[in-house]
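One structure is given here, and the rest of the page talks about it.
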Amino acid sequence: MKILAFVDLHGNKLFLNEIIERAKREKPHLIICAGDLSDWGRNLNSILSKINKIGILTLIIHGNHESEEELTKIIKPLKSIIFLHGSSYKINKYIFFGYGGGGFALEDKKLEKIIKKVKTIKKRSKIILVTHAPPYNTTLDRLDHMGHLGSKSIRKFIEEVNPVLNICGHLHENTGNVDKIKRTKIINPGNGAILEV
Numbered sequence: 005m006k007i008l009a010f011v012d013l014h015g016n017k018l019f020l021n022e023i024i025e026r027a028k029r030e031k032p033h034l035i036i037c038a039g040d041l042s043d044w045g046r047n048l049n050s051i052l053s054k055i056n057k058i059g060i061l062t063l064i065i066h067g068n069h070e071s072e073e074e075l076t077k078i079i080k081p082l083k084s085i086i087f088l089h090g091s092s093y094k095i096n097k098y099i100f101f102g103y104g105g106g107g108f109a110l111e112d113k114k115l116e117k118i119i120k121k122v123k124t125i126k127k128r129s130k131i132i133l134v135t136h137a138p139p140y141n142t143t144l145d146r147l148d149h150m151g152h153l154g155s156k157s158i159r160k161f162i163e164e165v166n167p168v169l170n171i172c173g174h175l176h177e178n179t180g181n182v183d184k185i186k187r188t189k190i191i192n193p194g195n196g197a198i199l200e201v
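In our numbering, the protein residues as written are 5 to 201.
So this is what it looks like as structure tokens:
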């Protein structure tokens with residue numbers, strides 16, 4: 005399956021147009037956005053409308069620049085977009101699980117409660133985890149002047165559930181970085197990366 009993944013668009017029209025053109029050219033089976041589509045919610049309707057018009061199934065979570073409630077409301081009538089936060093979506097043998105928002109907390113008790121539920125699903129399918137924040141203690145969460153800033157709860161999810169892939173972002177300085185926890189590949193796709201699973 006070919007996936008076009010991106011994160012941290014922040015309303016940038018140039019990046020949005022590049023994603024739309026790349027989707028038309030590459031013809032992925034699926035598009036994934038790991039949050040921060042907008043800059044504090046500005047032009048969110050317009051951005052989502054343009055993504056919806058691509059006509060390719062798109063899974064989206066919120067980042068720290070848009071609210072869960074606002075995205076839920078705007079996405080509801082859109083036919084090609086699914087809001088993935090706190091839920092899962094199955095395509096063939098893959099289950100996509102999304103957890104958005106935040107980006108600044110080291111621990112998230114809500115996410116940790118979900119781990120047990122997801123572990124029961126794992127026995128039957130391969131999981132792809134989509135988060136806005138990166139997992140703790142990786143090349144995707146480290147800033148030279150501040151150390152590791154990622155989520156310990158996301159790391160715990162990865163260590164216990166062993167998804168095949170974690171798509172994340174939030175820290176723009178680490179765009180394009182790839183790392184591994186056990187067998188889980190972790191990637192910050194920035195303004196667009198083609199992934200084959």
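C-beta: ideal position from N, C-alpha, C; glycine also.
Three-way DSSP call (helix, strand, coil) for residue i in this model
i, result
"A27", "helix"
"E200", "strand"
"L8", "strand"
"K184", "strand"
Contact with chain C by residue i, beta-carbon distance below 7 Å
i, result
"I185", "In the structure shown, chain C cannot be found, because there is only a single protein chain."
Rounded distance between the beta-carbons of residue j and residue i, thought under 8 Å
i, j, result
"K191", "V182", "Reading the sequence as shown, one finds Ile at residue 191 and not Lys. That belief holds up - the Cβ atoms of I191 and V182 are roughly 5 Å apart, short of 8 Å."
"H89", "I65", "5 Å"
"A9", "I36", "4 Å"
"S84", "L61", "6 Å"
Closest by C-alpha distance to residue i, when choosing among the options
i, options, result
"H174", "H69, M5, R26 and G15", "H69"
"D43", "G180, L63, S71 and K94", "S71"
"D12", "T188, H136 and N141", "H136"
"N16", "D40, K189 and E116", "D40"
"E163", "I7, P193, H33 and I119", "I119"
"R2", "I95, G45 and P139", "In this structure the chain extends from 5 to 201, so residue 2 is not present and cannot be described."
"G45", "K31, G105, L63 and P32", "G105"
"P193", "P81, E30, A38 and K31", "A38"
"Y103", "S129, L75 and G67", "G67"
"K114", "K80, N21 and K156", "K156"
"M5", "R26, K97, R146 and L144", "K97"
Residue i versus residue j - alpha carbon distance
i, j, result
"N178", "I185", "17 Å"
"L133", "I171", "6 Å"
"G154", "I23", "26 Å"
"I131", "A197", "19 Å"
"H14", "F100", "23 Å"
"N56", "F161", "30 Å"
"T142", "V168", "16 Å"
"K189", "S53", "31 Å"
"L48", "V122", "30 Å"
"N166", "E116", "14 Å"
"E74", "L63", "16 Å"
"E30", "D112", "36 Å"
"P81", "I95", "21 Å"
"P21", "I79", "This sequence places Asn at residue 21; Pro is not what is there. Distance between the alpha carbons of N21 and I79 is about 20 Å."
"L34", "L18", "21 Å"
"T76", "R187", "32 Å"
Can you list, in chain order, the stretches of the alpha helix (DSSP H) that have 4 or more residues and sit fully within the segment 24-99? 48-58 and 72-79
Enumerated in chain order, which unbroken segments of the beta strand (DSSP E) with a length of 3 residues or greater are wholly contained in the segment 121-180? The qualifying runs are 130-135 and 169-171.
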